[in-house]
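Report on one structure; see the data block that follows.
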Amino acid sequence: MCLTLPAKVLSVSDNKKAIILSGTKDLEISLGPVDDIKPGDWVLYTNEFLVKKVSEQDAREIFDLLSSYPKPDYDKLEDKFKNVLEVASRGTLTKSDLEYLLQIEDPAQLQALYSEANITRKANIKDHICIHGIIEFSNYCRNNCLYCGLRADNHEVQRYRLTPEEIVTAAVGAVDRGYKILVLQSGEDMGFSEETLYQIIKEIKNRCRVFLYLSIGDRPIEEYAKFRQVGAGGVLYRFETSNADLYSKMRPGHILSDRIDALKKLKKMGYVIATGSIIGLPGQTVEDLANDILLMKELDTFMPSFGPLIPSKNTPLAGESKVDFSMVLKMIAISRLVMPRSRISVTTAMETMRSTDGRQSAFMAGANSVMFNLTPASHRDDYYIYEDKFFDSGEKYEKWALFKGELSYQMMEQELNIEI
Ligand code: 5AD
Ligand code: SF4
Numbered sequence: 000m001c002l003t004l005p006a007k008v009l010s011v012s013d014n015k016k017a018i019i020l021s022g023t024k025d026l027e028i029s030l031g032p033v034d035d036i037k038p039g040d041w042v043l044y045t046n047e048f049l050v051k052k053v054s055e056q057d058a059r060e061i062f063d064l065l066s067s068y069p070k071p072d073y074d075k076l077e078d079k080f081k082n083v084l085e086v087a088s089r090g091t092l093t094k095s096d097l098e099y100l101l102q103i104e105d106p107a108q109l110q111a112l113y114s115e116a117n118i119t120r121k122a123n124i125k126d127h128i129c130i131h132g133i134i135e136f137s138n139y140c141r142n143n144c145l146y147c148g149l150r151a152d153n154h155e156v157q158r159y160r161l162t163p164e165e166i167v168t169a170a171v172g173a174v175d176r177g178y179k180i181l182v183l184q185s186g187e188d189m190g191f192s193e194e195t196l197y198q199i200i201k202e203i204k205n206r207c208r209v210f211l212y213l214s215i216g217d218r219p220i221e222e223y224a225k226f227r228q229v230g231a232g233g234v235l236y237r238f239e240t241s242n243a244d245l246y247s248k249m250r251p252g253h254i255l256s257d258r259i260d261a262l263k264k265l266k267k268m269g270y271v272i273a274t275g276s277i278i279g280l281p282g283q284t285v286e287d288l289a290n291d292i293l294l295m296k297e298l299d300t301f302m303p304s305f306g307p308l309i310p311s312k313n314t315p316l317a318g319e320s321k322v323d324f325s326m327v328l329k330m331i332a333i334s335r336l337v338m339p340r341s342r343i344s345v346t347t348a349m350e351t352m353r354s355t356d357g358r359q360s361a362f363m364a365g366a367n368s369v370m371f372n373l374t375p376a377s378h379r380d381d382y383y384i385y386e387d388k389f390f391d392s393g394e395k396y397e398k399w400a401l402f403k404g405e406l407s408y409q410m411m412e413q414e415l416n417i418e419i
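Next up, the structure:
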């Protein structure tokens, strides 16, 4: 679903319409499900209708969340940088432009880059922030990715599997609260048979209207075809790095081309693609990161999903150093310039690195999508990809963003161009 926008009511007319002040603009808007408002009230609205009345403080908090960096003083920026931004506005950045932007460090240039990305976001998808809920239903994994705390060889992890009933209940409960997009995530757990997953997806889709992403790793492509038939709509399936050698080092026994082939096949099956990479893998270069962005674009990624490496204990990468957060923000901003209409996700790893202000700085650099963890509390800590994983159930956001009704579904379908 998409975050609503706050506004102040200026006047209310008899024909179930109101004039509201949003930012500096007056808008005439239908009252929708809201009756009982008067001039001076604060409301949330979306597209053509009001969603609900809120306190002034809630409205101001949303304004803060949607704030931007000030417009840069272009005269003070060096010519090469200005030229590259100019090229970006025409949508024709080359790989060497991306490498150049990934290496900028001057604070004024960084701010200008983030600001430009944010302007691009607003011009293309306004201030609509997509909210996803994620249910981590199993932490068993047969793989041994070097970076991941859930790797099979990590025997310190308390493994769990939710039952099919628990998964369906968590999903239906979330949809009842207003979530319209959910991610079902697990390690690569063959303990869930094709039939079990099929029944879970079918049951969720029968019981509620929701867009479902699967994040379950490599499974036979025929299984994905069946899951699609029964209503799964997207896959969250990262390529992790576009560098084939690095990929095989980080994911022993796997090759990048298999993953890319699978992503292309999934796309052909009609799945919406969410993919991306880890930033800060050992040996990764700026060229690799530029290629990661280009690969996301080439794969027609609807939701770019990438984040910093959080070195995790009990993994071979435990002793690695963390990448600078500004590199993450640069990746967001450049991805926005290269894929203006995409839903760029603020990922848990970004939040873990910077806590709550990670989310806001990511928005200010062009991100527009968040994911809240809806894993039942009894198992949340066991989904241990890395230490101190950030957790925020998103209650504050839920207050603003979760609203129900046919109109809200229609709005989301229209905004996201996906059917639910
Ligand atoms: N740091 C950051 N991201 C990680 N992932 C796994 N381990 C880590 C880590 N230590 C990411 C991978 C995977 C996703 C589920 O979590 O990109 O695809
Ligand atoms: Fe398993 Fe995914 Fe972790 Fe790799 S990243 S070990 S596939 S859960």
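Residue numbers are given in numbering that gives the first Met the number 0: position 182 of the sequence shown equals residue 181, and the series is strictly consecutive.
Where is the CB? At the ideal position from N, CA and C, for every residue including glycine.
Separation of residue j from residue i, as counted between CA atoms
i, j, result
"R379", "F136", "10 Å"
"V11", "F48", "13 Å"
"T274", "D257", "14 Å"
"D13", "D34", "11 Å"
"M0", "E418", "Reliability of the predicted coordinates at M0 is poor, the pLDDT of 43 falling under 50, and no value is obtained from them."
"D6", "K16", "What sits at residue 6 in the sequence shown is Ala, not Asp. Distance between the alpha carbons of A6 and K16 is about 14 Å."
"V171", "V327", "34 Å"
"Q110", "F80", "12 Å"
"K70", "A361", "17 Å"
"L26", "V8", "10 Å"
"N143", "R250", "7 Å"
"D126", "H154", "44 Å"
"F324", "M352", "8 Å"
"M370", "I28", "29 Å"
"T347", "P310", "14 Å"
Residues bridged to residue i (per DSSP)
i, result
"S66", "In DSSP, S66 forms no bridge with anything."
"K160", "Reading the sequence as shown, one finds Arg at residue 160 and not Lys. S137, per the DSSP bridge assignment."
"L235", "A273"
"A420", "Here the chain has residues from 0 to 419 only, and residue 420 is not among them."
"A17", "V11, I28"
"L49", "Y44"
"G132", "L181, F371"
"I215", "DSSP output for I215 lists no bridge partner at all."
Given residue i as reference, the closest of the options once Cα atoms are compared
i, options, result
"L4", "S21, S247, D188, A17", "S21"
"R158", "Y408, N416, K15, S377", "S377"
"Q198", "A173, S185, V229", "V229"
"F238", "D217, I254, S276, R250", "S276"
"L161", "I331, S54, L183", "L183"
"K312", "S185, V337, C147", "C147"
"I166", "P375, Y382, Q409, F362", "P375"
"N367", "V42, M411, S344", "S344"
"V86", "L336, V322, C140, L316", "L336"
"V156", "I200, M411, D381", "D381"
"C207", "Q283, Y223, I180, K296", "I180"
"T168", "I200, R120, E60", "I200"
"P303", "I272, K329, T284, A289", "I272"
"S320", "E77, Q283, I61, G186", "Q283"
Check: residue i C-beta below 7 Å from any heavy atom of the ligand ATP
i, result
"I331", "This structure lacks the ligand ATP; the ligands present are the ligand 5AD and the ligand SF4."
Exposed unless 16 or more other CB atoms sit within 10 angstroms - verdict on residue i
i, result
"D40", "buried"
"A58", "buried"
"E115", "buried"
"I384", "buried"
"Y73", "exposed"
"N416", "exposed"
"E221", "exposed"
"P38", "exposed"
"N242", "buried"
"A364", "buried"
Can you list, in chain order, the stretches of the alpha helix (DSSP H) that have 4 or more residues and sit fully within the stretch 296-369?
Counting only runs of 4 or more, we get 324-337, 347-353, 355-363.
Length-filtered (4 minimum) alpha helix (DSSP H) runs lying within the stretch 175-213:
193-206
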